[in-house]
Amino acid sequence: MKKLDFLAIGDIVSEPFIRLKDAYIATNEKDEDNLCMRFGDKIPYESATFVPAVGNASNAAVAAARLGLNSALRGYVGDDRYGKECLEVLTNEGVDTSYMVTQAGKNTNYHFVLWYETDRTILVKHEEFDYEVPTIEEDPSWVYLSSLAANSLPYHQALAQWLDAHPGSKFAFQPGTFQMSLGVDALKPLYERSDLFFCNREEAARILKLEGHQDIKELLTAVRALGPKTAIITDGTEGAYAYDGEQMLFIPMYPDSRGPFERTGAGDAFASSVCSALALGKPLDEALLWGPINSMSVVQDVGAQKGLLTRAALEQYLAQAPATYKTRPL
2 MKKLDFLAIG DIVSEPFIRL KDAYIATNEK DEDNLCMRFG DKIPYESATF VPAVGNASNA
62 AVAAARLGLN SALRGYVGDD RYGKECLEVL TNEGVDTSYM VTQAGKNTNY HFVLWYETDR
122 TILVKHEEFD YEVPTIEEDP SWVYLSSLAA NSLPYHQALA QWLDAHPGSK FAFQPGTFQM
182 SLGVDALKPL YERSDLFFCN REEAARILKL EGHQDIKELL TAVRALGPKT AIITDGTEGA
242 YAYDGEQMLF IPMYPDSRGP FERTGAGDAF ASSVCSALAL GKPLDEALLW GPINSMSVVQ
302 DVGAQKGLLT RAALEQYLAQ APATYKTRPL
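The number in this note's numbering is simply the position in the sequence shown, starting from 1, with 1 added.
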């Protein structure tokens, strides 16, 4: 078998996107925005779009494949029609499915996306699969770990042991909600083994157990102090930041006159594109340019994968970028 450039590990899910029109946003006493609808009523919706084979790791595997990497996914599906659909989508995208597991008696993860205006609220339920570390004949160039279910702590521990035994594989960590809720101590070996670590600004504060506004340089320094060689923090429309212990870099959003259509998958597109560029031999300052371009493209379509770019298309955006689109010291 051909050596893997990119092995993504994490849950895969199918999602219907339900576009709401009869709803509103209200802010509670904790300054949290809440999606609100009338209770006990029949509420019309605008449309529903079914999107299979998504989830952080699956999105990353598809992004890497479209960018030209030999990409695979280690994920779990049930022996139902949604599992079959997920495998078909991955195969059609050129993602190696030989590391996928179909588990009898289990349901494929199925979430509901409530899409209002340009953002979404996701109703999630992770099936508890019997996770095991895959057998891999030749070390992948990169292993990319993201969201897993609440029963996966032993799986994380086993993955950490595998990574320690295979130093030839570089490791990217984009923690999901459960992984962040476990706390740094529980996943300390993974933080310390990370060559790349991705989170957004709010997640960085949550991981570090900080409240209120935090200086981005302090956040970068504190996240990197947890162990990653390079910490990358995204900040929505404000751009993204990276720190590798020697230099702090800033990359703005890619300029786009169109507003976002639907924001799901922007973070996954950013992280996986930066990692893919590094896997293709790009230096960090150049790899950072890839992330915002794929994020910009993804938010123009429904779901986290439809707008993902090929390498040729991404490089065309790079060639057409204005002079202001560049990394610069922070």
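No residue lacks a Cβ here, since even glycine has one placed at the ideal position from N, Cα and C.
Quick caveat: nothing in here was measured; it's all calculated off a predicted structure.
Residue nearest to Phe262 in terms of C-alpha spacing, selected from Glu94, Tyr117, Met254: Tyr117
Span of the alpha helix (DSSP H), counted from its first residue to its last, around Val336: The first residue shown for the chain is 2 and the last is 331, placing residue 336 beyond what the model contains.
Identified DSSP bridge partners for Arg75: Ile10
At least three beta-carbon pairs within less than 8 Å, the region 58 to 69 to the region 309 to 325: yes
Val63 vs Val14 beta-carbon contact at 8 Å: no
Counted within 10 angstroms of its Cβ, other Cβ atoms place Cys200 as buried (16 or more) or exposed: buried
Span of the alpha helix (DSSP H), counted from its first residue to its last, around Arg82: Its alpha helix (DSSP H) spans residues 82 to 93.
Rounded separation between Thr103 and Glu133 - CA only: 12 Å
Beta-carbon spacing of Phe198, Ile233 below 8 Å: yes
Option in Lys31, Asn57, Tyr25 with minimal Cα separation from Ile44: Tyr25
Rounded straight-line distance, which links the Cα of Pro229 to that of Arg194: 7 Å
Between the CA atoms of Glu129 and Gly84 - distance to the nearest angstrom: 15 Å
DSSP three-state assignment for Ser48, whether helix, strand or coil: strand
Glu204 (DSSP reduced to helix, strand or coil): helix
Beta carbon of Phe7 nearer than 8 Å to that of Tyr156: no
Residues of its chain near Asp236, where Cβ-Cβ distance is below 8 Å and the 5 sequence neighbours each way are ignored: Asn201, Arg202, Ile217, Tyr242, listed in sequence order.
CA-to-CA distance, Asp269 to Asn29, given in whole angstroms: 29 Å
Residue environment, Gly79, which counts as buried when at least 16 other CB atoms sit within 10 Å: buried
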